[in-house]
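Residue numbers (the numbering used here), protein chains in the order written: chain A, -4 to 264; chain B, 43 to 487; chain C, -16 to 373. Cβ coordinates follow ideal geometry from the N, Cα and C atoms, glycine included. Here the structure is a predicted model, which means the values were calculated and not measured.
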Amino acid sequence: MTKVVILDTDGVIRARVVGTTGAEHRRLANKVMEEALEQANLSFDEIAYVIATGYGRINVPFADRQVTELSCHAKGVASLFPSVKIALDIGGQDAKGLKIRNGELVDFVMNDKCAAGTGRFLEVLADTLGLKLEELGSISSKSTNKLKINNICTVFVRMEIVSRLSEGTPLEDVVAGVHDAIARRAVNMIKRLKIEPDVVFTGGVAKNIGVVKAVRENLGCEVFVPEEPLLSGAVGAALLGKEYTLKAMAKGEPVQRKERRLEEATFFK
Amino acid sequence: MVTEQKKKAINRLQTMRPLRANIDKTYTRMVEASKAGKPTAWCMVNWWEADPILYAMDVAGVYPENYGAVCAADGIAQVHLERCDAEGFPNYLCGYARNCIGYAARLKDFGEVPPDAPLGGMDKPMLLVNSTALCDARYKWFQSLGRYLDAPVWTVELPHPGVKESQREGAYERDINFMVEGLREFIAFLEHLLNKKMDWDKLDETVNDFIALNRLWHEINELRKARPCPMHSRDFWTCMTASLYPGGDLKESLKLYQDMFEEMKDRVAKKIGAVDPEKYRLVFAELPPWHDLKIFDELAERGWNFVVESWAYHPPKPMDYSNISDPLERIAKQTYQWFTGYFKDALKNGEHMGYFAYPYLEFVRDYQCDGAFLHPLLSCRTATNHLMMVQDRLMQKLKVPSMVMEGDIVDLKAFDHAGALRKAEAFEEIMDNYKQARREAGMAW
Amino acid sequence: MAKVESQGLNRVREIYKDRPRRARELKEEGKKIIGYLHIYPVLEMLTALDLVPYSMFGELREPITKADACLPTIVCPFLRSLMDLGLKGKYDFLDGAVTAHMCEVGEKFTHVWRTYIDLPYSHYIDTPHTTHAAAQKQHKEQLKEFKKSLESFTGKELSPQRLKEAIKIHNEQRALVRELYDLRKPDPPLISGTETIRVMVALMSIPVEEGNDLLRQVISEVKAGKTTTEKKPARLLVWGSMIDDTALIEMIESAGANVVMDDIWVGSQAYFADVKPTDDPLDGLAYRYLVELKSPRTFPATPVGLTKKVYPEDLEHRFSYIRDYAKEWNVNGVLLQTMRYCDIHGYEVPGLRDYLDNIGLPNTYIEWDYNQAALAPLRTRVEAFLEIIG
């Protein structure tokens, strides 16, 4: 997925778009950008600074700068929750823990090697259960006796839930167990940062109320979720861009901009 | 009585039972000693290099390596491993080390033994005793515990010469000397730490008891060469604890081994085997799946008798200690003998891994094994490194096949019980084929 | 003298690209090439007997195919790679190999190597793990044995005189390397971390005197500004497991840092301690090669009077030299790296990070596998760390 956020020097969000670009994200980032520009009623030349972040950040030919999603998420989350100390972000293919002080990233942990702690885990298992991802949260809320899943590998968990279902374990307990497994994994990862409140949970997986509940239980403390959990990275990137621009303007310096064109990435043709 | 019970596939030794009860008491003893203000230590298994000294100075020891297996079987290991990860340690380290580090972190949190600690737990020690024998974890792990424990760490060294180098002129004397000097310094350290002097008479007696214990244990295992083999590996692993994790009364252990020796002699005379009928004689390397030892019962039902195992757990080859007056020299020579006892023959046979790998060649030949069951462990490099060489050498030199089944020391789900039984069935055919091949080659078994 | 066309940094690149070439040339001329592993084999003894020391490295870019038959996948991938190369005949030009007790797998590697690869000469030094007086004495005895075995192999006597001469030449190389490292102190450093590693690998592939000449050329080229480096906000020290290839350092530098200092084997660990002059040269050698070499595989001697371990003091005792490096090279971040399955460095990580946190030096930890594909995902972590300290 490609997300774009446009904001102005007052920090007001003028556009927010989440575009499914799929495997073609490298080529089609410009399309999502165009949609955002339309939403904001702006032309590309009116944009002072563009920061690209995330997995495909090097494939954005119209960016002025690349910044890691770790710094951008930290920035974005801190702007929404100024008292945040720890942020957990679980996306489609990775999971991150961020330690934030004074609105800045100071330490991090990442899991980008193993599917088990990421959105992929839920995708595979939802598919196995014949369910849509969006259904998982509400189904698990009916659970009264969540299944304790001991396996750590996605492949083995898949086998385990199929056999439990055939033994008669109710679907909602299985789904709650799956949520608990991913939450446990994520919480164990962020414990390396020494947990302190406030804790914020973002990323696509944070839209699943079942996982949010499981994260709260595993952490043993309150967990805050932004209204739009998918956008904190883009918000952060835009805020960083705003900072650079305002700093340059205050010094009377030109805003550093690379030669940039709003078009498809050409190096894949 | 017997008609109601299903006949057990492995005919366990009677004398095994009291020995099994011995080990579990070690933890509670240590916690009690600690509460009474007596000196306590967390020790690496040190193959009687540090143990006699600690014993003679009345220090109660526990072995976190063994505690790792206890926690794994109990199920709490997972909590410790997760805590160790959260502390920032890489997750590829030794499973027992990670269990202990996680435990130590919780011990620090609670300020005392955590309520969920199995077998009474391990209390805060006043000393940590490293051993450089066999692997790096066994001197790095205790060092890393400085984060949680303020106990000083002492490292007892065991030389690891190459097979070639060990047979050079003067090599033996130099290595023994190095060990003896090290032990002398260890005693000086302990005297200062414990504020008491070594009782040299007690040390002398203790060392002799250890030597006698190991000699007896060796003789017991020699009797397993008989056909049918009177003692299964399961009994070995249960009963080795009196030798490897010495705790409690040494004289008591001596008596228990003596009783075992009598029972063994009796079985040999009456041709009683641990598995009847004994269709296949197996060797096992290296650490068994502690949580799933009943697989051996199921294999026994197929006629599999495990007649020898785990080089590292076996006592040293006998030697004459009678004219060595210095107890420290006796200690050094016994431990060095355990490690290098096979080196001379290894060199003669052109083998370079004189410990871990070469001894299996002698085991298989002397105990007439038809096959080897090799058990690589995901989180123990030390017990896994050499297994491929073992497989290769056993086949090259003795025409004995191996079957390989992976497992782990703390992640118990890694061992596929059903898979092992399936493999075993297929392996029987292979063992039969090689029995034939050995016969044709004119070999003794 | 070899008929070499190129000099200095060009020569370094040449050697780096085709490491065995010089060794093979020397072998044609009748020299004997002795491979050595890690920093504990005493190189002076080889040089003194006119043997050519050649460091045994792996090959990051070569997939491991043959080593699986004798070493399991859960061990150090560098050693597996080296074993693989050996089994493929890539080290067939060696006349011998010297290894030492660098770590448990390094020790076992020696026995496995001897089993499957036959070389006319091989010797293993069981370097003690601690630095107690008894260990120092033992180490000297072991070096005496090493000396005897070399004399037996070469049929020549290794006189104290020859040994002292060799020590002088090797100390010269160490001093030259330190001079090169001094050129990393300015901002920007005059030579990049990537280029430095190339120089180190090259030095470990040619005879010591040729190395000294090469170093002098490199130093003058670097001083003359023949290398291009940029000023970057991050000046890093890289600590940890074996690095014998530019790939990792290159990735770190291209992410936006200058690697200005290191605490690794193919770097400061091999070169920063000199052999002190002693009447019996074996004393100086035994001391340097056990006590002075800094590596976590050595357990610092516990004093007999110690009754309680004070954690911060222990960390200070073990790691203060890193603080000194950081100060001298004006380092503002430490990157800790371990290769997967490296126990020696793995156990150190939390303690070292505690120490660095205490002294206020930002630090991060990455774990990598000994292959190129493993590096790309790590880039984000490195970049994020640079953003934090930037």
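Taken through DSSP and simplified to helix, strand or coil, Thr240/A comes out as helix.
Counted as a single uninterrupted DSSP element, the alpha helix (DSSP H) harbouring Val432/B occupies residues Leu429 to Leu440.
Of all residues in the stretch 117 to 130 of chain B, those with a C-beta nearer than 9 Å to a C-beta of chain A are Gln120, Glu124, Arg125, Asp127, Ala128, Glu129 and Gly130, reading in chain order. By the CB criterion at 8 Å, Ala102/B and Arg125/B fall outside the cutoff.
Between the C-alpha atoms of Lys292/C and Thr285/C there is a straight-line separation of about 10 Å. A distance below 8 Å separates the beta carbons of Gly14/A and Val27/A. According to DSSP, residue pairing for Tyr104/C in a beta bridge involves Gly79/C. In this structure, DSSP gives Phe415/B an extended state, which the three-state scheme calls strand. Sequence-distant partners of Leu235/A (beyond 5 residues in either direction) whose C-beta falls short of 8 Å from its own C-beta, in its chain, are Ile46, Val62, Ser66, Cys67 and Lys70. At a beta-carbon threshold of 7 Å, the residues of chain C lying near Asp107/A are Pro360, ordered along the chain. No Cβ of chain B is located within less than 8 Å of the beta carbon of Asn213/A.
Within chain A, no residue has its CB atom less than 9 Å from the CB of Lys238/B, the nearest being about 42 Å off. Bounds of any alpha helix (DSSP H) do not take in Gln320/C; it lies within the beta strand (DSSP E) bounded by Gly316 to Met322. In the three-state reduction of the DSSP assignment, Gln125/C falls in the helix class, which pools H, G and I. Contacts between Ala118/C and chain B, judged by CB atoms closer than 8 Å, involve Glu199, Phe220 and Gly224 in chain order. In the assembly as shown, Glu304/B is an exposed residue. Its beta-carbon has fewer than 16 other beta-carbons within 10 Å. Going by beta carbons, Met430/B and Leu54/C fall inside the 8 Å limit. In the DSSP annotation of this structure, the continuous segment of the beta strand (DSSP E) that includes Asn106/A starts and ends at Glu99 to Asn106. In summary, no residue of the stretch 253 to 279 of chain C has a CB separated from any CB of chain B by less than 7 Å. Excluding sequence positions up to five before and after Arg63/C, its CB lies within less than 7 Å of the CB of Ile47, Ala50 and Leu54, all in the same chain and listed in chain order. For the 8 Å CB-CB criterion, Asn195/C and Ile150/C do not form a contact. Note: Thr(-3)/A is bridge-paired with Gly14/A in the DSSP secondary-structure output.
Secondary structure at Cys85/B: strand, using DSSP grouped into helix, strand and coil. Contact of Ile47/C with chain B is not assigned, every C-beta pair being separated by 8 Å or more. The continuous stretches of alpha helix (DSSP H) do not include Thr424/B, and DSSP gives it neither H nor E. DSSP lists Asp84/A and Met105/A as the bridge partner or partners of Lys91/A. Less than 8 Å separates the beta-carbon of Thr197/A from that of Ala82/A. Taken through DSSP and simplified to helix, strand or coil, Ile342/C comes out as coil. Near chain C, meaning a CB-to-CB distance below 7 Å, the residues of the stretch 82 to 114 of chain A are Leu100, Val101, Phe103, Met105 and Asp107. Taking a 10 Å sphere around the C-beta of Phe152/B, we find fewer than 16 other C-beta atoms and assign the residue as exposed. Judged by their CB atoms, Ala374/B and Val222/B are nearer to each other than the 8 Å cut-off. At a cut-off of 8 Å between beta carbons, Asn146/A contacts chain B. The Cβ-Cβ distance between Phe131/B and Val332/C falls below 8 Å. In the pairwise beta carbon analysis, the stretch 186 to 197 of chain A is classified as not touching the stretch 136 to 143 of chain B: fewer than three pairs are separated by under 8 Å. Taking every protein chain shown into account, the CB of His300/C has fewer than 16 other CB atoms within 10 angstroms, so this residue is exposed. Contact of Lys186/A with chain B by beta-carbon distance below 9 Å involves Glu124, Arg125, Asp127, Ala128 and Glu129.
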